[in-house]
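Peer 1: First the structure, which I've put down as structure tokens, then a few questions once you've had a look.
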Amino acid sequence: MPNREALKPFLLAFPGPLRDQLVAAVLDGRKVSTSGLLVEYEIEQEELPPVGERSALIDSDGREIAVLEVTGVRVLRLADVDLQHALDEGEGYASVAEWRAGHERFWHSEEMREALGDPEFTVDDETMIVAERFRVVERIGPDDAAGLTGRHA
0 MPNREALKPF LLAFPGPLRD QLVAAVLDGR KVSTSGLLVE YEIEQEELPP
50 VGERSALIDS DGREIAVLEV TGVRVLRLAD VDLQHALDEG EGYASVAEWR
100 AGHERFWHSE EMREALGDPE FTVDDETMIV AERFRVVERI GPDDAAGLTG
150 RHA
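So for the sequence shown, numbering that gives the first Met the number 0 puts the first residue at 0; every next one is plus one.
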């Protein structure tokens, strides 16, 4: 895409089957929200995204697939995640309990613990979550952006 401003990458999970599934859910409109750990932002000394910020959705091959725009950001306790957020993640969860079990598997994974630098990391009801809502504003062609890892699930 000519003369397009460089966008910050929007990374879902880690490269591989889960990222592929999540990117497909974004592109077909099922996934309009995602969840991350506040501690990740703190470790990376990164500000929370402001509403209106645009970023490039990255696939497992490191290619820019779409431009996303943040439409909402909430910071809340894991215990306070609501059913609408769980449903809007587009992963087929029918309850908050299902959503939480799936996310706990991801957040307790070896990859995630390594990314956080804490081999014993666990979440509990008090863990602070960043719940982002977004919309696809543009689909774009592939650009080489290999080597990126993930934040959201």
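Each residue gets a CB set at the ideal place from its N, CA and C atoms; glycine is no exception. Here the structure is a predicted model, which means the values were calculated and not measured.
First and last residue of the alpha helix (DSSP H) that includes residue 105?
Peer 2: Per DSSP, residue 105 belongs to the alpha helix (DSSP H) from 95-106.
Peer 1: Return the CA-CA distance between residue 129 and residue 16, expressed in angstroms with no decimal places.
Peer 2: 23 Å
Peer 1: Please report the straight-line C-alpha distance between residue 0 and residue 83, rounded to a whole angstrom.
Peer 2: Low confidence applies here, because residue 0 scores a pLDDT of 43, under 50, leaving its location unreliable; read the following figure in that light. Their backbone Cα atoms lie some 35 Å apart in a straight line.
Peer 1: Tell me whether residue 143 is buried or exposed, calling it buried when 16 or more other Cβ atoms sit within 10 Å of its Cβ.
Peer 2: Unreliable placement is indicated for residue 143, whose pLDDT of 36 sits below 50; no coordinate value is reported for it.
Peer 1: Does DSSP classify residue 10 as helix, strand or coil?
Peer 2: coil
Peer 1: Out of 86, 51, 57, which has the shortest C-alpha to C-alpha gap to residue 68?
Peer 2: 51
Peer 1: Taking the straight line between their C-alpha atoms, what separation do you get for residue 13 and residue 59?
Peer 2: Cα to Cα, residue 13 sits roughly 8 Å from residue 59.
Peer 1: If residue 9 sits next to residue 56, beta carbons under 8 Å apart, how far is it from one beta carbon to the other, in whole angstroms?
Peer 2: 5 Å
Peer 1: Where do the ends of the alpha helix (DSSP H) carrying residue 78 lie?
Peer 2: Taken as a continuous stretch (DSSP letters only), residue 78 belongs to no alpha helix (DSSP H), as it is neither H nor E.
Peer 1: Would you kindly report the start and end of the unbroken beta strand (DSSP E) that includes residue 47?
Peer 2: Per DSSP, residue 47 belongs to no beta strand (DSSP E) and is neither H nor E.
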